[in-house]
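Taking this note's numbering, the leading residue of the sequence shown gets 1059, the next gets one more, and so forth.
The next block holds one structure in the form of C-alpha cells; read it before the comments.
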Amino acid sequence: MAALRAQVAPVERLLECVHCGLCLSACPTYVELGTEMDSPRGRIYLIRAVEDDSLRLSADVVRHLDLCLGCRACETACPSGVRYGRIIEEARSYVEANYRRAWWDRWRRRAITAVFPYPERLRVLLAPLRALQQLGAWRALARIVPPARLVPPLRPSRPLPPVSQAQGTERARVGLLIGCVARELFGATNEAVVRVLNRHGVTVVNPPGQGCCGALHLHAGDPGTARQLARRVIDAFPGDLDAVIVTAAGCGALMKEYDTLLAGDARYAARAQTFAGRVRDAVEFLATLRLQAPEGAVRERVTYHDACHLAHGQQVRAEPRQLLRLIPGIELVELPEGDRCCGSAGSYNLTERSMARRLLERKIDNILSTDATCVAVANPGCSLQIQFGLRARGLPIRVAHPVELLDEAYGPYSKSDS
1059 MAALRAQVAP VERLLECVHC GLCLSACPTY VELGTEMDSP RGRIYLIRAV EDDSLRLSAD
1119 VVRHLDLCLG CRACETACPS GVRYGRIIEE ARSYVEANYR RAWWDRWRRR AITAVFPYPE
1179 RLRVLLAPLR ALQQLGAWRA LARIVPPARL VPPLRPSRPL PPVSQAQGTE RARVGLLIGC
1239 VARELFGATN EAVVRVLNRH GVTVVNPPGQ GCCGALHLHA GDPGTARQLA RRVIDAFPGD
1299 LDAVIVTAAG CGALMKEYDT LLAGDARYAA RAQTFAGRVR DAVEFLATLR LQAPEGAVRE
1359 RVTYHDACHL AHGQQVRAEP RQLLRLIPGI ELVELPEGDR CCGSAGSYNL TERSMARRLL
1419 ERKIDNILST DATCVAVANP GCSLQIQFGL RARGLPIRVA HPVELLDEAY GPYSKSDS
C-alpha cells in the first residue's frame, strides 16, 4: 500500500528495526500480555505487512495498534535508533482514514478530541461536576459515569496575568504554555511555576490565544488538526523569548518536534524549527538557573514518577531529581519501574480502560513499596491517573508537581523579597 508507506515512513526507516527484541522488556503492553504483536517490533511487523499488501487492515491489526500507549520507552531501549513514535502516529493516521470503527468507538474518540483540547468547552463540562463535588454527590456520579472518577477534587484557580514581571534584575524572559487540561485542573502548578521563575529573575509571558499544542489530535490519528493547532501556538508566542516553558510532558515532547510536524509547510517550517529549539520543560529550564536554596522545608518522603514523554520523549530525567534534592526536608527515594507508563498516555485511560487500569495497579504497588508520603509527577495526565489510583485504594499519599514542592519550600512570595 503506497499510501501507508507515505504516511508511516520510507521503507528504509521501517527496516531500521532489526527485530533484536531489546524493546520487549521496556514495552508495558508486551510485559503485561506477553504477545509478540503487542510489542514494538511486532507492531512494526504488522505495519510492514499491511503496507506491502500481505495483510489487510483488519479489526485484529487495529486492535494491536490501538493497544500501544505511545510511551516511547522502546526508543530509549532501541540500539538502532528506530523512531517508533513517528511510525505509530503515522500508522494511526492511516487507520483513522481507512478503517471503519464501530459507531460508539467513533463517537467516544471524537468526543475526546472535541472537548479536552479546548479549555472553554472543558470548563463547561466541569461546571456541574464542581457543583456535585460541593454537594457531596461526587461518589454517586462516579459510579454512574466511570470517566468522572479521574477528575480530582476541583479547586478554583486564578487566571494568570498576560505578563508576570521578574523580581529584581531580569535574567530571562520566557513564555508559558498554560495548556488545556492543565489550565482547568492544574492551575496551581502554573501559578507555582510563575512564582518560582519570577523569584529568580525570570519574566513570564502568558500570550492570549495560544490554545492547545495539538498532541492529543496527533496521537488520535488527526495530524491535520495537530498542524493547525501547532501553527496557532507558534503565532501566539513572541519571537524574542528566551524559552517557551511547558508543564505538561506530552505537550513539550510534541512542541520540541514542531519542526518535524511542520516540515512540509513552506510558511512555517523555518519558524517551527526556531520555535522547537526554544521549548523547555519547566523542570528542565529551572535546572539551568542558579536557584536559591529554599529557607523553608517540606518534610516528606518523596518518590518521583518519570512521565513517559519527559523521560523517553525528551530525555529529561536528572533535572526533576536535582530540583527535589534542593528542597530541605525531602527524603527522595527511587520508584521501582519509575519510567514505566502509569496507563494515562493522553486519552488512553479513556479508550483502553482495562489495560490502563492494569498498568495503574502496577504503578500503585510500586509506589507503596517505597513507603512514600508524596509522589512527585511532572505531567498532568500522569497526576490525574495516579491520584485516581491512590483514591481508589483509600491511600493518603499526595501527588504534586516538583515545582509545587519547590514553591512550597520557598514560602509566600513577595515582590519585595531579596
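Yeah, the Cβ is synthetic: ideal placement off N, Cα and C, and Gly gets one too.
It should be emphasised that the depicted structure is a prediction, and the values quoted were computed from it without experimental measurement.
When DSSP builds the beta bridges, which residues end up paired with Val-1221? Val-1263
Just to confirm, are Glu-1090 and Met-1413 a CB contact at a threshold of 8 Å? yes
Can you check whether the CB of Ala-1351 is closer than 8 Å to the CB of Leu-1384? yes
In angstroms, rounded to a whole number, what distance separates the CA positions of Cys-1136 and Leu-1080? 6 Å
Beta-carbon contacts of Gln-1286 that lie in its chain and below 8 Å, excluding the five residues immediately before and after: Gly-1272
In the DSSP assignment, the alpha helix (DSSP H) including Ile-1425 goes from what residue to what residue? 1411 to 1427
In DSSP terms, what Gly-1233 is bridged to: Val-1263, Val-1302
Over what stretch of residues does the beta strand (DSSP E) that includes Tyr-1157 continue unbroken? No beta strand (DSSP E) holds Tyr-1157; DSSP gives it neither H nor E.
Measuring alpha carbon to alpha carbon, tell me which of Arg-1106, Glu-1242, Leu-1418, Val-1356 ends up nearest Leu-1187. Glu-1242
Could you pull out every residue in the same chain whose Cβ sits closer than 6 Å to the Cβ of Ser-1441, ignoring the five residues on either side in sequence? Val-1435, Val-1457
Just curious, the beta strand (DSSP E) that Glu-1389 is in, first and last residue? 1389 to 1391
I'd like to check one pair, Ala-1340 with Gln-1380: are the Cβ atoms closer than 8 Å? no
Where does Arg-1357 land, buried or exposed, given buried means 16+ other C-beta within 10 angstroms? exposed
Beta-bridge pairing of Tyr-1088 - partner residues as DSSP gives them: According to DSSP, Tyr-1088 bridges with nothing at all.
Just mark Ser-1112 as buried or exposed, buried being the case when its beta carbon has 16 or more other beta carbons within 10 Å. exposed
What is the DSSP secondary structure of Thr-1134, counted as helix, strand or coil? helix
Quick check: what's the CA-CA separation for Arg-1179 versus Val-1173? 6 Å
Keeping to the same chain, check which residues put their C-beta closer than 7 Å to that of Gly-1396; ignore five residues upstream and five downstream. Tyr-1362, His-1363, Asp-1364
If you follow the alpha helix (DSSP H) that Asp-1465 is in, where does it begin and where does it stop? 1460 to 1468
I think Cys-1309 touches Leu-1235, with their Cβ atoms under 8 Å apart; what is that distance to the nearest whole Å? 6 Å
Where Arg-1167 falls: helix, strand or coil (DSSP): helix
Let me make sure I understand the geometry here. Which of Arg-1164, Val-1182, Tyr-1152, Gln-1225 has the alpha-carbon closest to that of Gly-1282? Tyr-1152
Three-state secondary structure assigned by DSSP to Thr-1361: strand
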